[in-house]
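To start, the structure under review is shown below, and the notes come after it.
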Amino acid sequence: MSEWFRVFKQGLSIENPLTVLMIGLCATLAVSTQFQNALFMGLAVIFVLTMSNVLISLFRKAIPSEVRIPIFIVIIAAFVTIVDLVMKAFVPGVYAVLGIWIPLIVVNCIILGRAEAFAYVNGVGLSIADGLGMGIGYSTVIVLLAFVRELFGTGHIVWFEGTLISLPSGYAPPSLLLLFPGAFLVFAFMIVGARWINERFEARKEAAACRP
Amino acid sequence: MSSVSQLALLFVGAALINNILLTRFIGLCPFFGVSSNMETSIGMSLSVIFVMVMSSTATWVVWEFVLAPLGVGEFLYIPAFILIIASLVQFVEMYLRKASPVLYRAMGIYLPLITTNCAVLATATEAAKPGFFKMNLAITNSAGALSLGEALVYTLGVSVGFGFALVTFAALRERLELAPVSRLMKGAPIAFITAGLLSLAYVGMSGWFGL
Chain A
336 MSEWFRVFKQ GLSIENPLTV LMIGLCATLA VSTQFQNALF MGLAVIFVLT
386 MSNVLISLFR KAIPSEVRIP IFIVIIAAFV TIVDLVMKAF VPGVYAVLGI
436 WIPLIVVNCI ILGRAEAFAY VNGVGLSIAD GLGMGIGYST VIVLLAFVRE
486 LFGTGHIVWF EGTLISLPSG YAPPSLLLLF PGAFLVFAFM IVGARWINER
536 FEARKEAAAC RP
Chain B
3 MSSVSQLALL FVGAALINNI LLTRFIGLCP FFGVSSNMET SIGMSLSVIF
53 VMVMSSTATW VVWEFVLAPL GVGEFLYIPA FILIIASLVQ FVEMYLRKAS
103 PVLYRAMGIY LPLITTNCAV LATATEAAKP GFFKMNLAIT NSAGALSLGE
153 ALVYTLGVSV GFGFALVTFA ALRERLELAP VSRLMKGAPI AFITAGLLSL
203 AYVGMSGWFG L
C-alpha cells in the first residue's frame, strides 16, 4: 500500500507532468483562460489517463512490443472519443470552448508517455495510482494557472451562469494575462514556484536523513 | 478555383497571423524540447513540413472519399486520422532508411516524435474538415470545405510558420545560454518568458488583412 501512495504522490510532486517533466503543455496553456474549462479539461485527462493505464497494464503481456505504439494510440483514442461525445452531450457550453482540445488529448504526450513508461511495465494497481497521481497533478497545475489568469485577467471567476469570486470594482484587469503571452509568463512563474517547493522538500528530507 | 492572391492570403494567414505555435499553442512539446540548439531545430522543422504535407493529403483523401460518404466521420475521425498519421510516419521512416540514408540521418530521429505531435493531427484535421479549430480561413467553398490544392497550401503555410517560429526561438535560446540568469529561473522558466515575449510579437500581427 505504501508503494501505491509513493507512486501516487510522485505524479503530484517530483514527477509532475507539467511543472517538472514539462510535457502536454499545449492544451494546458490554451484552455487555462477560464477556471471552469480548466476543471473540465483536468477531469477529462484524469479519466483518459487512468482508464488507458488500466487497460494497457491489463493487456501488457498480450501486446507485442513491435506494434505497441499503434495499439496504445487506438486504446487512448477510444477513451478520448467517449469523453468527446459525453461532453458534447452533457456540457455543450464547455465543449464549445474546449473544442479541439478534447480530440487532441489523443496525442497528448502525458498519456502516451505514461502508457509507455509506466503502464506497460507495471501491474494494474500501480498503474491506477500512476494514472490518478499524474492526472490529479496535471489538473492541480492547470486549475491553478486558470484561476490566476481568469481572476487577474478579467477580475472575477465565472462558474456556469454565476460569479464565484469578484475583485473590488476599482480593479482594472490587464487583458495581457488572457492573451497568449500571459499564459507563457504566468506558467514560467509557476515552474519557478514548483522548483522552489521541490527544493525545500528535498532539503528537509536530507536533513531528516542526516539525523541519527 | 481560387485566385493566386487568395492562396497567398491563406498561406500568410496560416504561417504568421495564426501561427500554430505562438498564437494557437499547438505543438509546444517540440518547441521547448528541441529548441535548445539550432541544428536540431532545423532538422525538426524540415521533418514537420514533410510529414504535415503528407498527412494532410492522406486525411483529406480519406475524409472526402471514405469517412464523409459513409457518414461515420463525426465519431470515427479521431481514431481514423491518428492511425493514418501513425502508419504513414512509420512507412516514411522505413522508406527513408532504405532509399535516402542522408535524409534519414537528418530527420530520422524526429519522425517517431512527430507521430504524437498535436500540430500534425490538428493541421491534418483542419485541412480535411475546416472549422475544426476556428482558424478563420480566408477561403472555403459553399460547403465550408477546402479543395485539395487549398488544403495543401494551408498545410504548407502552417508547417513553414511552425519551422520559422521554432528556428527563431532556438536562436534566442542559444543566445540566452550566455546570459546571467538567476538559479531558479535558469532553463525552462526563462525560456517560457522568452516565448511569451515572442508570442507578444505575433499577437501584434492579428488583424492584418482582416484575418
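In order, the protein sequences belong to chains A and B.
Numbering-wise (this note's numbering), the first sequence opens with residue 336 and increments by one.
Numbering-wise (this note's numbering), the second sequence opens with residue 3 and increments by one.
Virtual Cβ for every residue (Gly too), placed ideally from N, Cα, C.
Are I391(A) and A454(A) touching if we call contact CB-CB under 7 Å? yes
Label N351(A) either buried or exposed according to how many other C-beta atoms from any shown protein chain fall within 10 Å of its C-beta, with 16 as the threshold for buried. buried
Length of the line joining the Cα atoms of F33(B) and L168(B): 6 Å
Determine the DSSP secondary structure at S144(B), reduced to helix, strand or coil. For S144(B), the predicted structure reports a pLDDT of 45, less than 50, and the residue's modelled location is therefore unreliable. The matter cannot be settled from this model.
Is the beta carbon of Y473(A) closer than 7 Å to that of L353(A)? yes
To test your reading of the DSSP string, which unbroken alpha helix (DSSP H) runs of 4 or more residues are found completely within the segment 366-394 of chain A? 370-393
Whose C-beta lies closer than 7 Å to the C-beta of A16(B) among residues of the same chain, with five residues either side of it excluded? Y156, G159, V160 and G163
Return the chain-ordered ranges of every beta strand (DSSP E) run that is complete within the segment 462-541 of chain A and spans a minimum of 3 residues. 491-494 and 497-501
So, do the segment 200-212 of chain B and the segment 77-86 of chain B have three or more beta carbon pairs nearer to each other than 8 Å? no
Taking only beta-carbon atoms, is V380(A) less than 7 Å away from chain B? no
Contact list for the segment 463-489 of chain A against chain C, Cβ threshold 9 Å: Looking at the structure shown, chain C is missing, and the protein chains on hand are A and B.
Inter-residue spacing [alpha-carbon to alpha-carbon] between A424(A) and Q369(A): 20 Å
Counting only the same chain and skipping the five closest in sequence on each side, list residues whose C-beta sits under 7 Å from that of I532(A). none
contact_flag[the segment 187-202 of chain B, the segment 52-60 of chain B] where n(CB pairs < 8 Å) is 3 or more: no
Answer yes or no: do S43(B) and V36(B) have a C-beta to C-beta separation smaller than 7 Å? yes
Look at the alpha carbon of A365(A) and the alpha carbon of C545(A), and state the distance between them as a whole number of angstroms. 44 Å
Of all the CB atoms in chain A, is at least one closer than 7 Å to the CB of S201(B)? yes
Would you kindly report the start and end of the unbroken alpha helix (DSSP H) that includes M187(B)? Careful: M187(B) lies outside any alpha helix (DSSP H) and carries neither H nor E.
If you check the beta carbons only, do V91(B) and T59(B) fall under 7 Å apart? no
Are the C-beta of I84(B) and some C-beta of chain A separated by less than 7 Å? yes
Is the Cβ of T25(B) closer than 7 Å to any Cβ of chain A? yes
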